[in-house]
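Okay, structure first, notes after.
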Amino acid sequence: GAGVSQTPSNKVTEKGKYVELRCDPISGHTALYWYRQSLGQGPEFLIYFQGTGAADDSGLPNDRFFAVRPEGSVSTLKIQRTERGDSAVYLCASSNGGSGDTQYFGPGTRLTVL
Amino acid sequence: GESVGLHLPTLSVQEGDNSIINCAYSNSASDYFIWYKQESGKGPQFIIDIRSNMDKRQGQRVTVLLNKTVKHLSLQIAATQPGDSAVYFCAENKGQTSGSRLTFGEGTQLTVNP
Chain A
27 GAGVSQTPSN KVTEKGKYVE LRCDPISGHT ALYWYRQSLG QGPEFLIYFQ
77 GTGAADDSGL PNDRFFAVRP EGSVSTLKIQ RTERGDSAVY LCASSNGGSG
127 DTQYFGPGTR LTVL
Chain B
3 GESVGLHLPT LSVQEGDNSI INCAYSNSAS DYFIWYKQES GKGPQFIIDI
53 RSNMDKRQGQ RVTVLLNKTV KHLSLQIAAT QPGDSAVYFC AENKGQTSGS
103 RLTFGEGTQL TVNP
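Those protein sequence lines, which keep their order, are chains A and B.
For the first sequence, position 1 matches number 27 in this note's numbering, and the numbering has no gaps at all.
For the second sequence, position 114 matches number 116 in this note's numbering, and the numbering has no gaps at all.
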């Protein structure tokens, strides 16, 4: 069956630009997560959706970062006024429920801010 | 602060040997632990998990051991193969009080020599 997919796989942008990263979770999964992974480090939590609502957005680093999941399936992570420090791999994961359910990850989007 | 970390950043083994990857955690409230494997350019792949009410869990060629007394987690891989070469992360879920976020360690790079 299809796993979590993310588009684009790579995104290069200039400092100050706006970017959108898309995540398609596993069909039927109600929970969706965004993480950010810097080179040589483990993923860091950004935000968690249960259905359409953001159940926990405490990992978003600042108000330039925003995510939506309007229909409870596809999610978009939006970054305004990108900075070089935003360069990282952005990972999406989905799970069947919430706490304690296995999170399955997508391949990630590598964002490079020049 | 609370964190999940790994003792060794790199581990090199011969093909056919058993591998042991270690992880220390600091939050005694964590109730769910997971091991992920991440190959270059890919997202983390679920290997095995264990809940805090268990000490040991076995999968295919893998075993996870949990020692709550010393807050230590290990992943044992039997008859290690070249395809096992990757970065291995442990992650913890801190239960309902912290939602569903996973907290990852920094990872151990496993290299299997033929």
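Just so you know, even glycine gets a beta-carbon here, dropped at the ideal spot from N, CA and C.
Treat the numbers as computed from the prediction; the structure is a model and nothing was measured.
Could you check which residue in the options has the C-alpha nearest to that of residue i?
| i | options | result |
| --- | --- | --- |
| B/Y27 | B/S42, B/S54, B/I50 | B/S54 |
| A/H55 | A/D127, A/N88, A/F91 | A/D127 |
| A/A119 | A/T39, A/V139, A/R90, A/S53 | A/S53 |
| B/K73 | B/C25, B/G45, B/Q40 | B/C25 |
| A/A28 | A/Q67, A/F92, A/F91, A/D50 | A/D50 |
| B/D33 | B/Q83, B/K44, B/K70 | B/K70 |
| A/G132 | A/V45, A/S84, A/R62, A/R95 | A/R62 |
| B/L104 | B/D51, B/L77, B/T12 | B/D51 |
| B/S87 | B/M56, B/G109, B/L68 | B/G109 |
| A/Y59 | A/D112, A/E109, A/S101 | A/S101 |
| A/S84 | A/F71, A/S99, A/R95 | A/F71 |
| A/E6 | A/F91, A/G123, A/I73 | In the structure as shown, chain A starts at 27 and stops at 140, and residue 6 of chain A therefore has no counterpart that could be examined. |
| A/L103 | A/L137, A/Y130, A/G111 | A/L137 |
Look up residue i in the DSSP assignment and say whether it is helix, strand or coil.
| i | result |
| --- | --- |
| B/G61 | coil |
| A/G134 | coil |
| A/K79 | It is Gly, not Lys, that sits at residue 79 of chain A in the sequence shown. Looking at A/G79 - three-state DSSP - the assignment turns out to be strand. |
| A/D50 | strand |
| A/D112 | helix |
By how many angstroms is the C-alpha of residue j removed from the C-alpha of residue i?
| i | j | result |
| --- | --- | --- |
| B/A81 | B/I22 | 11 Å |
| B/G85 | A/G134 | 21 Å |
| A/T78 | A/S121 | 14 Å |
| B/I79 | B/V64 | 5 Å |
| B/G107 | B/F91 | 6 Å |
| A/Q76 | A/I105 | 21 Å |
| B/P116 | B/D19 | 11 Å |
| A/N88 | B/N29 | 26 Å |
| B/V15 | B/Q111 | 11 Å |
| A/G42 | B/K39 | 34 Å |
| B/Q60 | A/A80 | 35 Å |
| B/K96 | A/P69 | 16 Å |
| A/L65 | B/Q83 | 25 Å |
| A/L140 | A/D112 | 10 Å |
| B/V114 | B/S42 | 15 Å |
| B/T12 | B/V89 | 9 Å |
| B/L67 | B/F35 | 10 Å |
| B/S76 | B/Q47 | 17 Å |
Which chain A residues are close to residue i, counting only those with a beta carbon under 9 Å from its beta carbon?
| i | result |
| --- | --- |
| B/K44 | F131, P133, G134 |
Quick one: which chain A residues come within Cβ less than 7 Å of residue i?
| i | result |
| --- | --- |
| B/A104 | According to the sequence displayed, residue 104 of chain B carries Leu and not Ala. Per Cβ cutoff of 7 Å: F71, Q129. |
Going by DSSP, what residues sit across from residue i in a beta bridge?
| i | result |
| --- | --- |
| A/T39 | A/V139 |
| B/Q111 | B/T12, B/V89 |
| A/V45 | A/I105 |
| B/H74 | B/A26, B/N69 |
| B/N95 | B/Y34, B/L104 |
| A/L117 | A/Y61 |
| A/E70 | A/R62 |
Could you tell me which chain B residues have their CB closer than 9 Å to the CB of residue i, listed as they occur along the chain?
| i | result |
| --- | --- |
| A/L117 | G45, P46 |
| A/G85 | R103 |
| A/A57 | S102 |
| A/Y44 | In chain order: nothing, as chain B lies at least about 24 Å away. |
Would you mind telling me which residues of chain A sit closer than 8 Å to residue i, beta carbon to beta carbon, in chain order?
| i | result |
| --- | --- |
| B/K107 | It should be pointed out that residue 107 of chain B corresponds to Gly in this sequence rather than to Lys. The answer, in chain order, is G68. |
| B/D51 | T128 |
Shorter than 7 Å, the distance from the beta carbon of residue i to the closest heavy atom of the ligand FMN, or not?
| i | result |
| --- | --- |
| B/I79 | As presented, the structure is devoid of all ligands, the ligand FMN included, so that no description of it is given. |
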